[in-house]
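> Below: one structure in structure tokens.
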Amino acid sequence: MKKIIFLLIVLLTPILVKALEFPNVYSKALTLYDLTDNKFIYNVKSNEKMSIASLTKIATTITAILNIKDLNEKVTITDEILNTVRWDASRAGLKSGDVVTYEDLLYASILPSGADATNALAILLFGSIDNMVEAMNELAKDLDMNNTSFVNTTGLDAEGHYSTANDIIKLLKYSLDNELFKKIYTTKEYTLSNGLVVKSTINKYPIKDKISVILGSKTGFTLDAGLCMSALFNISGHDILLVSLNADYNINFANIEDTINIINFMDNNYDIQEIASKEYIITNINVIDSNIDNYSIKLSDSIYKFLPNDYDRNLININYDGLNELSYKNKINSKIGTINCYYDNELIYSEDVYLKENIKIDIVKILIKYWYIVIIGFIFLLFFFKLKIKY
350 MKKIIFLLIV
360 LLTPILVKAL
370 EFPNVYSKAL
380 TLYDLTDNKF
390 IYNVKSNEKM
400 SIASLTKIAT
410 TITAILNIKD
420 LNEKVTITDE
430 ILNTVRWDAS
440 RAGLKSGDVV
450 TYEDLLYASI
460 LPSGADATNA
470 LAILLFGSID
480 NMVEAMNELA
490 KDLDMNNTSF
500 VNTTGLDAEG
510 HYSTANDIIK
520 LLKYSLDNEL
530 FKKIYTTKEY
540 TLSNGLVVKS
550 TINKYPIKDK
560 ISVILGSKTG
570 FTLDAGLCMS
580 ALFNISGHDI
590 LLVSLNADYN
600 INFANIEDTI
610 NIINFMDNNY
620 DIQEIASKEY
630 IITNINVIDS
640 NIDNYSIKLS
650 DSIYKFLPND
660 YDRNLININY
670 DGLNELSYKN
680 KINSKIGTIN
690 CYYDNELIYS
700 EDVYLKENIK
710 IDIVKILIKY
720 WYIVIIGFIF
730 LLFFFKLKIK
740 Y
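Taking this note's numbering, the leading residue of the sequence shown gets 350, the next gets one more, and so forth.
Encoded structure:
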């Protein structure tokens, strides 16, 4: 077997450019995650424990979804439920006596960040807020959100209630795998069955054209947490998640401004890059005793990777691991090796290599190669015939 590491020669010429720098943000912590490639793109204080405000309702909502048996079941909002909502909490606008469905409460929890809807889900599904909080913490544990602790369902400031940007990414990634949650998260306006219209909190942003690039979101705000944000957007066919925490609340819509600026930056500076072209020859293998002298190992398809426009070409290498010699004994369509392509030590492409050419024996080459055997054989035959004639 032979292992060849081939650095793309055409890309080896150094290109001295200043590396892209993400724009400055108001948020103290920020994480970007490529949902399509399942990898982090950018982090700032992403593992620092902080208050997360109403990003908590992502956990509340997905926990509720996992425990609802009938989305269309009618439930009644009571004074008992509404009395659990603190005066400083955001509300969807539910009134005592309202008859709605569980699905209504899910939309009312995420879009307008309604603590009235959130607490209603807790009491109606779990019997109490404390019981739902326990279920939320169990979910966090299952998702390896090791730097997260919930003490309420709303995200209002409380001792022992915290998370990190990276943990919220884990939670959001899991939640978006649920079709209903994704549908709710990517909705900007919804009419409940009782006629109440609820709107996403990002609709409060004054420039509506700018927020069109945000496919889904959940915002949050408390004095301790500052302005928080979670968002889903798409760049060059890649779904990207953003979570930001603790933006200065003295700056209007600082969390949304950060999100829009990050999206615009990525749209201008990230794309699907061609790492290597189809049919590019990686190496040539020696062929013996056959009608050809060598066989080219080449890519059967182009290799692409979602990267910044200034990606480091020196981090590309292609690894061929396989036979280092062929002959007429190797049959067409037989596997002869494997090609692996890496970027920054990350495997981004792999393919098996099969012999695509029928290699034929070359008698002349064999005679020339083994001339001494031919001569010895010829002498032996002469000696044999002489003996036969003599006797």
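Virtual Cβ for every residue (Gly too), placed ideally from N, Cα, C.
Note down, in chain order, each residue of its chain lying with its Cβ closer than 6 Å to the Cβ of Ile621, except the 5 sequence neighbours on either side.
Result list for Ile621: Ser585, Tyr653, Phe655, in chain order.
> By Cβ distance, which residues of its chain are closer than 6 Å to Leu384, with the 5 residues on each side in sequence left out?
Asp588, Leu590.
> Helix, strand or coil, according to DSSP, for Thr503 in the structure here?
In the structure shown, Thr503 sits in coil (DSSP, three-state: anything other than H, G, I, E or B).
> In chain order, what residues of the same chain have a beta carbon less than 6 Å from the beta carbon of Leu369, not counting five sequence neighbours either side?
Cβ neighbours of Leu369 beyond the five flanking positions: Asn618, Pro657, Asp659.
> Taking the beta strand (DSSP E) that Lys654 falls in, what are its first and last residues?
Counting along the chain, the beta strand (DSSP E) containing Lys654 begins and ends at 652-657.
> So, Leu381 versus Ile631, is the Cβ gap smaller than 8 Å?
Not closer than 8 Å, so no.
> To the nearest angstrom, report how far apart Gly565 and Phe371 are at their CA atoms.
Roughly 22 Å separates the two Cα atoms.
> Whole angstroms is fine: what's the gap from Ile665's alpha carbon to Gly509's?
Their backbone Cα atoms lie some 45 Å apart in a straight line.
> How far does the alpha helix (DSSP H) with Phe475 in it extend, from its first residue to its last?
Element bounds for Phe475: 464-475.
> According to DSSP, is Met578 part of a helix, a strand, or is it coil?
Met578: strand per DSSP, three-state reduction.
> According to the Cβ coordinates, are Leu576 and Tyr534 closer than 8 Å?
Contact: no.
> Since Ala441 contacts Ala457 with CB under 8 Å, what's their CB separation in whole angstroms?
Right, the Cβ-Cβ distance comes to about 4 Å (below 8 Å), so this counts as a contact.
> Measuring straight from C-alpha to C-alpha, what distance separates Thr405 and Tyr692?
Answer to the nearest angstrom: the Cα atoms are 36 Å apart.
> Leaving out five residues on either side along the sequence, give the residues of the same chain with a beta carbon under 7 Å from the beta carbon of Leu454.
Closer than 7 Å at the Cβ level, and outside the excluded window around Leu454, lie Ala466, Ala469, Leu470.
> Going by the CB atoms, is the gap between Ile681 and Val592 shorter than 8 Å?
Not a contact, by the Cβ cut-off of 8 Å.
> Can you give me the start and stop residues for the alpha helix (DSSP H) that Asn604 sits inside?
Start and end: 603-618.
> Using three-state DSSP, classify Asn694 as helix, strand or coil.
In this structure, Asn694 counts as coil in the three-state DSSP scheme.
> In this structure, how does DSSP classify Val482 when only helix, strand and coil are distinguished?
Helix at Val482.
> According to DSSP, is Asp419 helix, strand or coil?
Looking at Asp419 - three-state DSSP - the assignment turns out to be coil, as it is neither helix nor strand.
> Drop a sphere of 10 angstroms on the beta-carbon of Gly504, count the other beta-carbons inside from all chains shown, and report buried for 16 or more, exposed for fewer.
Buried, because 16 or more other Cβ atoms sit within 10 Å of the Cβ of Gly504.
> Could you say which of Lys394, Asp386, Lys423, Asn387 lies nearest to Tyr375 if we only look at CA atoms?
When each option's Cα is compared against that of Tyr375, the closest is Lys394.
> Apart from the five residues just before and just after Lys705, which ones in its own chain have a Cβ nearer than 8 Å to its Cβ?
Same-chain partners within the cutoff: Ile681, Asn682.
> Who are the Cβ neighbours of Ala603 in its own chain at under 6 Å, not counting the five residues just before and after it?
Once the five neighbours on either side are set aside, the close Cβ partners of Ala603 are Tyr375, Leu576, Ala596, Asp597.
> For the beta strand (DSSP E) containing Ile665, name the first residue and the last one.
Ile665 -> beta strand (DSSP E) spans 665-671.
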